[in-house]
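Residue numbers (the numbering used here): 60 to 443. A virtual CB, placed ideally from N, CA and C, is assigned to each residue, including glycine. The structure presented is a predicted model; accordingly, all values stated were derived computationally and were not measured. First up is the structure itself, then whatever we jot down about it.
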């Protein structure tokens, strides 16, 4: 078992990583009680037989040699369910490009929606993972041999799994599909934590200036408070509280304490007093603090019968192609297609349009029909 706790050992390991065409990477972190994830371990492998665990909590350890590997665009970085790992490395200034996410790849290779790492290893490598250390407190030291073995297995198995999955996708002509998805995973905008943009992750329900000014101010305040206190957003205020505060615009303790979604006693707390002052400030001139949002052009709901037909088509296309339906289109996509033939969504672009989008439009126009052939739904052309 190789546990790296010194700079010399890390540099020697990174020298080996630098010569590899691809490496596999995983992390262990804790964030249940914090806003910022606490990085506890980094696992990396050159091959199933050449892997190590880096201890970022080791005193005096400089992670830059490994971060330089992540920044090296001549080396492919392979993760499973990469988003939270990428969030951590992006904050450290090392966006891992190029990247290959085996969870996304598995969805394109016929393993269903969000297949777990354990399932993928079982199906592709015919091996069982030891789950005994899954709920470890990774911040506690020392870690046991069993815990370190469990952590290292995440990248050694991944190193054996990646070439099999890559070759399968290449054979099926789908490797380009997967690589085209990776740009979204490594888009820095996905990991933007600036408080000023926090409200954009939420869905305002009204469009008048007073509501929007209160909505934005509350979301920005919550994000800043969560970051400064290093607490999860939900411990400061739940998402539903932001909408209720924007509707009711409380500016004193009693008004806060009458809200259903606000914690008891919040109004008189330091947090409540801070937010009340911020709301008073922006509501003095809501027009100046409200973002300029246009009401949705299509306020009518999508026809349920059309959406249901599109769901059947999507399921048929997904099953017949062996591609997870979720990777092709979401229910929201189907609703947009039902309302607009020119919907500006990923499901109507590139390989998704070829696989599903064109037939979705044909189904709406009555140019194709769905028929049951035994237990299989098939698409048939309707002759004019």
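_For residue 265, the three-state DSSP class (helix, strand or coil)_ = The sequence position of residue 265 within the chain shown is 206, counting from 1. Here residue 265 sits in coil by DSSP.
*Just how far apart, CA to CA, sit residue 367 and residue 340?*
Looking up residue 367 in the chain shown gives position 308. Looking up residue 340 in the chain shown gives position 281. Taking the straight line from one Cα to the other gives about 47 Å.
*Cβ-based neighbour list, residue 140, same chain, cut-off 6 Å, excluding 5 preceding and 5 following*: Numbered from its first residue, the chain shown carries residue 140 at position 81. Cβ neighbours of residue 140 beyond the five flanking positions: 162.
*In this structure, does DSSP put residue 156 in helix, strand or coil?*
In the chain shown, residue 156 corresponds to position 97, counting from 1. Residue state, collapsed to three classes: coil.
*residue 97 - DSSP class collapsed to helix/strand/coil*: Taking the first residue of the chain shown as 1, we reach residue 97 at position 38. In this structure, DSSP gives residue 97 an extended state, which the three-state scheme calls strand.
*Three-state secondary structure (DSSP) of residue 90*: As a working mapping, residue 90 is identified with position 31 in the chain shown. The three-state secondary structure of residue 90, taken from DSSP, is coil.
*State buried or exposed for residue 226, treating a residue as buried only when at least 16 other CB atoms are found within 10 Å of its CB.*
To locate residue 226, count along the chain shown from 1; it is residue 167. The residue is exposed, with fewer than 16 neighbouring Cβ atoms inside 10 Å.
*asked:* Tell me the residue span of the alpha helix (DSSP H) that contains residue 300.
replied: Your numbering for residue 300 matches position 241 in the chain shown. Unbroken alpha helix (DSSP H) run through residue 300: 298–307.
*Report back the beta-carbon spacing between residue 224 and residue 165 to the nearest angstrom; my notes put them in contact at under 8 Å.*
Numbered from 1 along the chain shown, position 165 holds the residue referred to as residue 224. Numbered from 1 along the chain shown, position 106 holds the residue referred to as residue 165. Cβ atoms of residue 224 and residue 165 come within 8 Å of each other, at about 7 Å.
*Contact set for residue 218: own chain, Cβ-Cβ below 6 Å, skip 5 residues either direction*: Position 159 of the chain shown, counted from the start, is the residue given in the question as residue 218. So the qualifying residues of the chain are 83, 104, 106 and 107.
_Close Cβ partners of residue 282 (< 6 Å) along its chain, the five nearest in sequence each way excluded_ = Here residue 282 corresponds to residue number 223 of the chain shown, with the count starting at 1. Counting only Cβ-Cβ distances below 6 Å, and skipping sequence neighbours, we find 254 and 257.
_Rounded to whole angstroms, what is the Cα-Cα separation between residue 78 and residue 348?_
Translated into positions along the chain shown, residue 78 becomes position 19. Translated into positions along the chain shown, residue 348 becomes position 289. About 53 Å.
*Straight-line gap, residue 270 to residue 101 (C-alpha atoms, nearest Å)*: Position 211 of the chain shown holds residue 270. Position 42 of the chain shown holds residue 101. Whole-angstrom Cα-Cα distance: 44 Å.
_Those runs of the alpha helix (DSSP H) which lie wholly inside the segment 239–288 and span at least 4 residues_ = If we require 4 residues or more, the alpha helix (DSSP H) runs fully inside the segment 239–288 come out as 268–288.
_As assigned by DSSP and simplified to three states, the class of residue 438_ = As a working mapping, residue 438 is identified with position 379 in the chain shown. It is a strand residue.
*Output yes or no for whether 8 Å exceeds the beta carbon distance between residue 331 and residue 308.*
Counting from 1 along the chain shown, the entry for residue 331 is found at position 272. Counting from 1 along the chain shown, the entry for residue 308 is found at position 249. Result no, Cβ atoms of residue 331 and residue 308 do not sit closer than 8 Å.
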